[in-house]
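Taken in order, these protein sequences are the chains called A and B.
Residue numbering for the first sequence follows our numbering, starting at 90 and increasing by one per position.
Residue numbering for the second sequence follows our numbering, starting at 90 and increasing by one per position.
There are 2 protein chains.
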Amino acid sequence: MAEARKNEAVSLSRTRRTLPIALLRAREQLMDRFRPMLLSHGVTEQQWRVLRVLNENAEMDATDLAEKACVLGPSLSRIIKALEARALIHVGKHPKDGRRAVIKLSHEGQQFVETVARESAAIYKTIEAKVGADRIGSVLNDLEELTAALQSPD
Amino acid sequence: MAEARKNEAVSLSRTRRTLPIALLRAREQLMDRFRPMLLSHGVTEQQWRVLRVLNENAEMDATDLAEKACVLGPSLSRIIKALEARALIHVGKHPKDGRRAVIKLSHEGQQFVETVARESAAIYKTIEAKVGADRIGSVLNDLEELTAALQSPD
DNA sequence: TCATTATCTTTAACGTGTTAAATATATAGG
DNA sequence: CCTATATATTTAACACGTTAAAGATAATGA
């Protein structure tokens with residue numbers, strides 16, 4: 090059994106100690122705590138990101154919304170249909186540029202966001218209590234630096 | 090424009106400075122650098138994770154493989170079919186437990202992993218050069234601590 | 001003005017994520 | 001031995017991720 094554990098440790102150091110997988114695992118651990126709540130409100134994680142971004146920006150076109158909510162264009166097209174069908178958002182056209190959509194929260198959408206945001210904040214607090222706000226801050230700083238470094242030219 | 094930038098900064102501090110989104114963004118930045126290479130070899134990111142884990146473990150059942158490769162059971166079922174159809178893996182049954190599968194790399198699979206692993210390592214090195222090995226190590230440590238804290242009881 | 005090129009959004013096709021349920025085999029208790 | 005329960009894997013259904021391409025509108029230049 091000591092031997093088996095040794096082999097496992099070796100394999101972990103190879104695939105697990107790699108940035109993409111470490112990021113994926115950490116994210117799974119986190120989302121496992123949010124998903125049941127989102128499911129109970131009938132939204133997916135991605136739909137929720139879109140709603141939150143809209144709540145902070147009043148009016149956006151699809152390109153900006155996709156960028157800030159971290160979803161791809163094709164996914165956003167489907168999400169917009171779903172959210173519009175539930176009357177959580179309004180979709181119009183830009184008056185000066187017929188290509189652009191103008192997307193905003195409906196009144197129901199705003200109320201929905203408030204409700205879910207409260208529950209989301211409560212879950213985030215339990216995570217903070219467990220992990221430590223300082224550690225979360227340090228991870229966020231590291232991740233921002235990492236992302237910035239990857240985006241820099243060359 | 091200074092005003093527009095200020096608004097943007099505020100919104101970023103709200104949705105962007107949140108653990109799930111920061112993890113997602115960092116991961117996207119990284120995978121954008123690996124995906125074209127994987128696509129050129131005809132494997133998805135998830136299939137590649139499965140192959141790598143198999144390369145480090147010789148023989149596994151589906152449950153362990155799914156856990157270590159960070160894919161869900163239903164996804165693994167589909168991935169196994171795809172990789173078996175390409176003869177990159179062999180799938181058998183556990184001799185003492187008819188429920189379990191026994192999955193291992195084929196000879197072609199081993200060669201495939203070697204080829205792709207070389208290119209993958211080269212890409213990882215360019216990332217290391219850009220980001221700094223020290224920073225990567227620090228992010229990995231933070232993420233491991235975060236994941237451990239989230240998994241701890243209560 | 002007209003054709004060309006660029007930009008915004010959607011559609012298509014296929015693979016994966018997620019949840020629930022089905023299937024098959026093992027194990028435990030009576 | 002037989003039934004009930006647990007475990008391993010697959011299937012189903014629906015949403016998103018990813019790439020490529022199509023459709024629609026703007027901007028550009030001859």
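Even glycine gets a Cβ: it sits at the ideal position worked out from N, Cα and C.
None of these values were measured; they are calculated from a predicted model.
With 16 or more other CB atoms across the displayed protein chains lying within 10 angstroms of its CB, A:Ala111 is buried.
Between A:Ala151 and A:Ile192, the CB-CB gap stays under 8 Å. Each residue's CA atom was taken as its position, placing A:Val139 and A:Ile212 some 19 Å apart. One alpha carbon belongs to B:Glu117, the other to A:Ser227, and they sit about 20 Å apart.
For A:Val180, the enclosing beta strand (DSSP E) starts and ends at 178-182. Here DSSP, grouped into helix, strand and coil, assigns A:Val132 to coil. When C-beta distances to chain B are compared with 9 Å, the residues of the stretch 197-218 of chain A below that value are Tyr213, Ile216, in chain order.
Counting only runs that start and end inside the stretch 135-159 of chain B, the alpha helix (DSSP H) elements of at least 4 residues fall at 151-158. Of the residues B:Lys170, B:Leu229, B:Glu148, the one whose Cα lies closest to the Cα of B:Gln136 is B:Lys170. For A:Leu194, the enclosing beta strand (DSSP E) covers residues 190-194. Interface criterion met: the Cβ of B:Leu112 is under 8 Å from a Cβ in chain A.
Around A:Ala238, the beta-carbon contacts reaching into chain B at under 8 Å are Lys219, Val220, Gly221, Arg224. Contact annotation: A:Val180 and A:Ala158 have beta-carbon atoms that are not nearer than 8 Å. B:Ser209 is a Cβ neighbour of B:Met126, given a cutoff of 8 Å. Per the coordinates, the alpha-carbon of A:Arg189 lies some 12 Å from the alpha-carbon of A:Leu154.
Against A:Ser195, chain B offers no close residue; the least beta-carbon distance is about 19 Å (beta-carbon pairs closer than 7 Å). Residues of the stretch 118-135 of chain A with a Cβ closer than 7 Å to any Cβ of chain B, in chain order: Gln118, Leu119, Met120.
Secondary structure at A:Arg207: helix, using DSSP grouped into helix, strand and coil.
A direct Cα-Cα distance of roughly 28 Å separates A:Thr215 from A:Glu156. Assignment of B:Arg106 by DSSP, reduced to helix, strand and coil, places it in the coil class. DSSP places A:Lys170 inside the alpha helix (DSSP H), whose first and last residues are 162-174.
With distances taken between CA atoms, B:Thr104 lies nearest to A:Ala206 out of A:Thr107, A:Pro184, A:Ala206, A:Phe201. Counting along the chain, the unbroken alpha helix (DSSP H) around B:Asp231 starts and ends at 222-240. For the pair A:Ile178 and B:Ile178, the Cα-to-Cα distance works out to about 47 Å. Per DSSP, reduced to three states, the secondary structure at A:Asp121 is helical. Chain order gives no chain A residues near B:Glu148, where near means a beta carbon separation below 8 Å; the closest approach is about 12 Å. Residues Leu140, Asn144 of the same chain have their beta carbon placed closer than 6 Å to that of A:Val202, with the five preceding and five following residues left out of the count. In the displayed model, B:Lys185 falls within coil according to three-state DSSP, outside both helix and strand. Straight-line spacing of the CA atoms in A:Leu235 and B:Leu108 works out to 14 Å. Taking 9 Å as the upper bound on Cβ-Cβ separation, chain A lies near residues Lys157, Ala158, Cys159 of the stretch 154-170 of chain B.
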